[in-house]
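The structure appears below as C-alpha cells.
Protein chains: 2
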Amino acid sequence: MTYPNWLSQRAHLSGSRLALSFQETQWTFSEINDVALEYAGKLTALGVQKNTRVAILAKSSPEFVFVMYGCLHVGCEMVMLNERLARAELSYQIDDSSADYVLVDDVLKEKVTDSQLILFSRIKGTSPVPFTPQKEWKKERTISIMYTSGTTGNPKGVRQTAENHFSSAVSSALNIGISPEDVWLCVMPLFHISGFSILMRSLIYGMGVRLHDKFDASSCAAELQAGRVTHMSVVGVTLERMLDVLAADEMSVSPKFKTMLAGGGPVPVAYIQRAASYGISVLQTYGMTETSSQTTTLQPADAAQKIGSSGKPLFLYQVKIDGAEKAGDKGEILIHGPQVTPGYIGRFADRNVQEDGWLHTGDVGFLDEEGFLFVVDRRSDLIVSGGENVYPAEIEKVLLAHPAVREAGVCGAPSDEWGEVPVAFVVLNKPVETDELLVYCKEQIASYKVPKRLSIVETLPRNASNKLLRRELKAWL
Amino acid sequence: MTYPNWLSQRAHLSGSRLALSFQETQWTFSEINDVALEYAGKLTALGVQKNTRVAILAKSSPEFVFVMYGCLHVGCEMVMLNERLARAELSYQIDDSSADYVLVDDVLKEKVTDSQLILFSRIKGTSPVPFTPQKEWKKERTISIMYTSGTTGNPKGVRQTAENHFSSAVSSALNIGISPEDVWLCVMPLFHISGFSILMRSLIYGMGVRLHDKFDASSCAAELQAGRVTHMSVVGVTLERMLDVLAADEMSVSPKFKTMLAGGGPVPVAYIQRAASYGISVLQTYGMTETSSQTTTLQPADAAQKIGSSGKPLFLYQVKIDGAEKAGDKGEILIHGPQVTPGYIGRFADRNVQEDGWLHTGDVGFLDEEGFLFVVDRRSDLIVSGGENVYPAEIEKVLLAHPAVREAGVCGAPSDEWGEVPVAFVVLNKPVETDELLVYCKEQIASYKVPKRLSIVETLPRNASNKLLRRELKAWL
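Sequences listed follow chains F and R, in order.
Quick note: the first sequence uses the working numbering, first residue 1, plus one each step.
Quick note: the second sequence uses the working numbering, first residue 1001, plus one each step.
Now the structure itself:
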C-alpha cells in the first residue's frame, strides 16, 4: 500500500496555494517543492540516501523545514532532536538511534560533537546532484522518530510512519473540518509531534503554515487580530499568556480564526471561557508521541459540562480502560487505531508497544457514561501516600483555581510515615501567604491530598512544548 | 486493518448532529443508528446474517436508507439493483450475484419473482431479535456491489469495499474541504455510486443528507434558495434544468451553498458559467463504479481555460495514459489508488480488474502539459443519457437476438433533453417492422436504453477485422 509522494502531489494539485510563510516571506507548494528537491539534491551529494537515518537538531526556521522536506524526498528516517536537551541527552539519542548523519542548525553547533555532523550552512553551500524523487511512499515508511521518556525515565525512540501521520491528519480533519483557505499558526517546536504534525497536515491538506521561530504572546495575539491564521496549537500556559495580551491591549480576534487545539495536559476551564469571549474555540486534546498527536478531542460545546475531560476519540480511533467493567472505573488508558506507532527503535526495539493491537499508555483514566475520556493522571506521576492514590493534577487544579496562583506543580516527596507525600510549587500572580493557600486546599480536598510543603518559585520546569515536567520538580526537593 | 463501525462511531461521536432529512422529518446520527440497529434485528430475525449477500431493489426513501444501514450493521454484501431495469436485466443480476435474499420495496414488487424475496413491508413488520453490532469493520469488507456493463454487453458486478468508500470520501474532503455544518442534497439514485457515495460521506464525515425521492428541478432550486443544503451531486441535464428554474422564477441561491460535483460525462462550460452567476461552484468530475465515484476533479478556477478537462486526480490517486511518452499523447486511461475495486463477482470473478496495480478503464484520454486529464472517448462508446450509463453492446445484443436481425450497431445521438440518447442501425435477415423491434427491446431492457430511433441499413461500418466502428455510425446521424 502506497501514497503518492505528498510533496510532489501537493505541488501538482495545488501548486499555487500558500504552503509556508515566515516573517515577510512566503512559499507556495510549487515553490517549496522546488526548494525541497534542491535540498534533496544537496543531501544526496553529501551522501544521504534513501533509508539513511539522519538526526536533525535545529530551531524553528524555514531552513529547518527545507532540510526536513529534502529528507522526505530522499526517503530518510528523521530523528527529531530536541534543541533544549543537554549535550549528554542528545548524545544518548544520537547513539541510541545509530543515526548515520546529524544535520545541525549552525546556531546549535556547540551542542553536538559527532564525526558525521553536517551543518545546515554546509548543506546550503553544497551543489545539488541530479535528483529524481520517488513517485510513491510506502505506508509503513518511517517518516520521523521522536524520543519520549515515559515511565522509566529512559528515553525511547518512537517510530512514526507515513500511515501514522496520514491517519492523524485525516482524523483531525474529520473532527474539526478543513477548508482550502486554512492557515495554521505554528509556534510549537517542529521537533515535537505538536509542531511536526502541523507540517504533515500542511502537505496532506494543502494547507498553509504560518511559522514563528518561537512562542511570543504579543506576536501571536497580533496574528489572531490580523486574521492571517485560522488554526493554532497551544498548551494551557501559552493560551493564558495570549489571553493576557489580548486583554491588556484591548485587542479583538478576527472572525477568520476558527480553532485552537490544546494539548500537553488539561487546560483550565476558566481559560476556555476567557477564550470563548474572544470568539476563540479551544479544543482540549489528549495524545502523545506514540499516537502521532491527538487521539481524543473535546468539543467546545461539551467543555462546560465535561470539565476536565479530554473528549472522545477521533473517527478512526478507539479508546478503552484496562479492566474497567463499567463507566467511571479507573484504569490504564488503552488506544487502538492507525495512528499508533508500530514500535520503538534502538535499545527498546524489542519492546512490544501494543498488546493485541492496543497501545498501553501508562496513563490512568476513566470513561464516563457518555464515553468521554477523563485522564486522571500520568501513571509515572502517581503519588502513593499511605495506601491512597494521589494524583498531582487534581491538587494542581485546586491551586490554580486560587486567584493568586498563576502556575502550579505537584510531585511526591519521600516520607517515613506515609511512603510518599505530595508537595507543591507555585508561581504567583500577586502576593499571598502560603498558609492561606494550604487552608484553601484543605477546604476542597481530603487532607492526605493537601501538599505537605508549598514553595513559591519564579518559574516551573517545562519542556519545549511548555508541558509541566513533574519529574524535575522532584529534583528540587 | 479495521475501521470502527461507522454507524456506531458516528452515533457515539456526533449523535446529536443531523444525519438524514426527508420532507419534514429529520433523523440525528443517534436516531438513525437506533433505527439501523432495529432493522438489523429485524433482518437477523428473517435469516439475514453476516456475510449474507442481499440484493436490494428500491426507490429513494428513508426506508431504503434504513434497510441499507441495517445491512451495514449485520455485515451484509449489498447488491444494489437499478429500479429502472427490465425484469430480465434484474434476473440476470440476482442470478449472477447468487444473492441469498432479495429485499424489495413494495412499490416495485411486480419487477421481481424470487423465492428468497423479502418485501420492505415484511421487514418493517418483523419483530427484531436481540442484535449486537460488530465493533469493527475490516477494510477489505465488501460493502456494496454494483453492476456495470463494459465492452461485452454483459453487466459485471463490481465489488466496493469499506476501504474503497473510505478513500473516496477522504480524498474528496481533501479536495473540496468539509465542515461540521455541511448538508448534501441527494437526488441521485441511491443504488448508483453517485447517490450511494453521499451516504458513505455522511457516515464518514458526520454530514447531513437531504434526501429527495426523485430529481425535481423546482424542488432543488427551492433547496438552494432556502440555504438548507451546502453540496449537491448533479449531471449536466439536471444542472441545466435547475438553472432554468432559477432564471424563470428569478430566484437566488443562498450563500450557504458551496459546491456541486458534476459527474456522468462532460458538463458544457456554458452551464458552469451560468451556475457561477448564481455563486454556484460546479466541479467537473471523472469517475466510475470501479473507482467508487470521482477519481479526478476540475476546480472552477480552471474551468474556463481547461474547457473539456476532467481536472486532476484527488490527493490519494494517480492517473496515467497507457503508452503515452509525452503530454498530449492519447491512450487508455489507467488509474491507481485505494478507491479502485479489488474485482468483480459472479461470472467475471476471475477477471483481473487491475494490471500491476492499475485499473484499465477502457476510456481513451490524454494529460496536458500541466497534468490535466482530458477524456477523449468513453469506454466502448459509452452513451450517457440523463446521467445513466448506456452501453451500445448491451442493446446490440438484445437486437441481435431477434430472428429478423443479422447485424446491429448502436450509438449516441445528441438530445436537448437527456444530453444523449441511443439510436440503432440494423441489417435484416428478413422483413420486419421497426416498431416490432422496439417493442421487443422494451420487454428486455430499461426504457432509457431502448433506441429512440431505429434505421434499417444495407451494411454497417466495420474495420478490416470486421469490428463494428460505432464512431462512424455517428457520422450517419
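Quick reminder that beta carbons are idealized off the backbone N, C-alpha and C, glycines included.
The model shown is predicted, which means the values in this text are computed figures rather than measured ones.
If you draw a straight line from the C-alpha of F166 (chain F) to the C-alpha of S1014 (chain R), how long is it? Taking the first sequence and counting its residues from 1, one reaches residue 166 (chain F) at position 166. Taking the second sequence and counting its residues from 1, one reaches residue 1014 (chain R) at position 14. Near 22 Å, if we compare the C-alpha coordinates of S1014 (chain R) and F166 (chain F).
Could you check what DSSP says for A401 (chain F) in three-state terms: helix, strand or coil? Your numbering for residue 401 (chain F) matches position 401 in the first sequence. Coil, per DSSP.
Residue(s) in a DSSP beta bridge with S1144 (chain R): Within the second sequence, the letter at position 144 stands for residue 1144 (chain R). R:M1078, R:Q1160, per the DSSP bridge assignment.
CB contact check: A349 (chain F) to chain R, cutoff 9 Å: The count along the first sequence starts at 1 and reaches residue 349 (chain F) at position 349. A349 (chain F) does not count as touching chain R.
Closest Cα partner of D249 (chain F) within the set F:R241, F:G371, F:V390: Indexing the first sequence from 1 puts residue 249 (chain F) at position 249. Per the Cα distances, F:R241.
By the criterion of Cβ-Cβ separation under 7 Å, what are the contact partners of Y69 (chain F) in chain R? On the first sequence, position 69 is the one that residue 69 (chain F) refers to. Under the 7 Å cutoff, chain R gives no residues; its nearest Cβ is about 17 Å from Y69 (chain F).
Classify L943 (chain R): buried if its beta carbon has 16 or more other beta carbons within 10 angstroms, exposed otherwise. The structure shown does not extend to residue 943 (chain R), since chain R is modelled only from 1001 to 1477, so the question has no answer here.
First and last residue of the alpha helix (DSSP H) that includes Y1278 (chain R)? What you label residue 1278 (chain R) is simply residue 278 of the second sequence in a count that begins at 1. Run containing Y1278 (chain R): none; DSSP gives neither H nor E here.
Expressed to the nearest angstrom, what Euclidean distance is found between the alpha-carbon atoms of G1346 (chain R) and E1472 (chain R)? Stepping through the second sequence from its first residue, residue 1346 (chain R) is reached at position 346. Stepping through the second sequence from its first residue, residue 1472 (chain R) is reached at position 472. Those two C-alpha atoms are separated by around 34 Å.
Sorted by chain position, which residues of the same chain lie with C-beta nearer than 8 Å to I1478 (chain R)'s C-beta, five sequence neighbours on each side aside? Because chain R is modelled from 1001 through 1477, residue 1478 (chain R) falls outside the range shown and cannot be assessed.
Distance between A1173 (chain R) and L367 (chain F) (C-alpha atoms, nearest Å): Residue mapping note: residue 367 (chain F) aligns to position 367 of the first sequence, counting from 1. Residue mapping note: residue 1173 (chain R) aligns to position 173 of the second sequence, counting from 1. The alpha-carbon atoms of L367 (chain F) and A1173 (chain R) are separated by roughly 30 Å.
Please confirm if the region 1272-1287 of chain R is in contact with the region 1304-1311 of chain R, defined as three or more CB-CB distances below 8 Å between the two stretches. yes
Mind listing the chain F neighbours of Y1286 (chain R)? Cutoff is C-beta to C-beta under 8 Å, in chain order. Working through the second sequence from its first residue, we reach residue 1286 (chain R) at position 286. Correct list: empty, because the minimum Cβ distance to chain F is about 15 Å.
Using 9 Å as the threshold, is the C-beta distance between E140 (chain F) and D105 (chain F) below it? One-based indexing of the first sequence puts residue 140 (chain F) at position 140. One-based indexing of the first sequence puts residue 105 (chain F) at position 105. Against a cut-off of 9 Å, the Cβ pair of D105 (chain F) and E140 (chain F) comes out as no contact.
Using CA atoms only, rank isn't needed, just tell me which of F:G343, F:G208, F:R274 is closest to L239 (chain F). Position 239 of the first sequence holds residue 239 (chain F). Answer by Cα proximity: F:R274.
Limits of the unbroken beta strand (DSSP E) element including Q26 (chain F): Translated into positions along the first sequence, residue 26 (chain F) becomes position 26. Q26 (chain F) -> beta strand (DSSP E) spans 25-28.
Taking only the alpha-carbon atoms, compute the straight-line gap between N463 (chain F) and R10 (chain F) and give it to the nearest angstrom. Within the first sequence, numbered from 1, the residue matching residue 463 (chain F) stands at position 463. Within the first sequence, numbered from 1, the residue matching residue 10 (chain F) stands at position 10. Looking at the two C-alpha atoms, the distance is approximately 33 Å.
Within the continuous beta strand (DSSP E) that includes T1296 (chain R), where are the two ends? Along the second sequence, one-based indexing puts residue 1296 (chain R) at 296. Note, T1296 (chain R): beta strand (DSSP E), 1293-1298.
Within a Cβ cutoff of 6 Å, which residues of the same chain sit near M1200 (chain R), ignoring the five residues on either side of it in sequence? The residue given as residue 1200 (chain R) occupies position 200 in the second sequence. These residues qualify, in order along the chain: H1165, A1169.
Residues from the region 1171-1205 of chain R in contact with chain F, defined by Cβ distance under 9 Å: A1173, L1174, N1175, I1176, G1177, I1178, S1179, P1180, E1181, D1182, I1204, Y1205
So within the region 1380-1457 of chain R, which uninterrupted alpha helix (DSSP H) runs reach at least 4 residues, ignoring any that extend past its ends? 1392-1400, 1434-1444
Please state the DSSP three-state secondary structure of M1232 (chain R). To locate residue 1232 (chain R), count along the second sequence from 1; it is residue 232. In this structure, M1232 (chain R) counts as strand in the three-state DSSP scheme.
Exposed unless 16 or more other CB atoms sit within 10 angstroms - verdict on W1137 (chain R): Here residue 1137 (chain R) is taken as the residue at index 137 of the second sequence, counted from 1. Looking at its Cβ environment, which holds 16 or more other Cβ atoms inside 10 Å, W1137 (chain R) is buried.
Just checking: is the beta-carbon of Q354 (chain F) within a distance shorter than 9 Å of some beta-carbon in chain A? The displayed structure is made up of protein chains F and R, and chain A is not among them.
Between which residues of its own chain and L468 (chain F) is the CB-CB distance below 7 Å, once the five residues before and five after are set aside? As a working mapping, residue 468 (chain F) is identified with position 468 in the first sequence. So the qualifying residues of the chain are G265, G409, L460, R462.
Chain-ordered chain F contacts of K1312 (chain R) [CB-CB under 8 Å]: Locating residue 1312 (chain R) in the second sequence gives position 312, counting from the first residue. Simply H12, L13.
For G1371 (chain R), which option in R:V1319, R:A1349, R:I1193, R:K1397 has the closest C-alpha, if you only look at C-alpha atoms? For the purposes of this step, residue 1371 (chain R) is taken as the residue at position 371 of the second sequence. Closest option to G1371 (chain R), Cα to Cα, is R:V1319.
Against chain R, with Cβ distances strictly below 9 Å, would G371 (chain F) count as a contact? Locating residue 371 (chain F) in the first sequence gives position 371, counting from the first residue. Yes, G371 (chain F) lies at the interface with chain R (some Cβ there is under 9 Å from its Cβ).
Grab me the residues of K474 (chain F)'s own chain with a C-beta within less than 7 Å of its C-beta, minus the 5 sequence neighbours each way, in chain order. Position 474 of the first sequence, counting from 1, holds the residue named residue 474 (chain F). Same-chain partners within the cutoff: C411.
Determine, using beta carbons only, whether P1338 (chain R) comes closer than 9 Å to chain F. The sequence position of residue 1338 (chain R) within the second sequence is 338, counting from 1. By this cut-off, P1338 (chain R) is an interface position.
Using the Cα positions of I94 (chain F) and A1301 (chain R), report the straight-line distance between them to the nearest angstrom. Here the question's residue 94 (chain F) lines up with position 94 in the first sequence. Here the question's residue 1301 (chain R) lines up with position 301 in the second sequence. In a straight line, the C-alpha of I94 (chain F) is about 48 Å away from that of A1301 (chain R).
Checking contacts by CB at 9 Å: is Q1134 (chain R) closer than that to chain F? On the second sequence, residue 1134 (chain R) is found 134 positions in, with the first residue counted as 1. Taking Cβ atoms only, chain F never reaches closer than 9 Å to Q1134 (chain R), which makes this a no.
Starting from the Cα of R406 (chain F), find the closest Cα among F:L72, F:E396, F:S415, F:L334 and give me that residue. By one-based count along the first sequence, residue 406 (chain F) stands at place 406. That would be F:E396, whose Cα lies nearest to the Cα of R406 (chain F).
Does the beta carbon of P4 (chain F) come closer than 9 Å to any beta carbon on chain R? The residue you call residue 4 (chain F) lines up with position 4 of the first sequence. Yes - at least one Cβ of chain R is within 9 Å of the one on P4 (chain F).
With distance defined between alpha-carbon atoms, name the residue in F:V340, F:E325, F:I321, F:G328 nearest to L334 (chain F). Looking up residue 334 (chain F) in the first sequence gives position 334. The candidate whose alpha carbon is nearest that of L334 (chain F) is F:I321.
From which residue to which residue does the beta strand (DSSP E) around S1021 (chain R) run? What you label residue 1021 (chain R) is simply residue 21 of the second sequence in a count that begins at 1. Looking at the DSSP string, the run of the beta strand (DSSP E) that includes S1021 (chain R) is 1018-1022.
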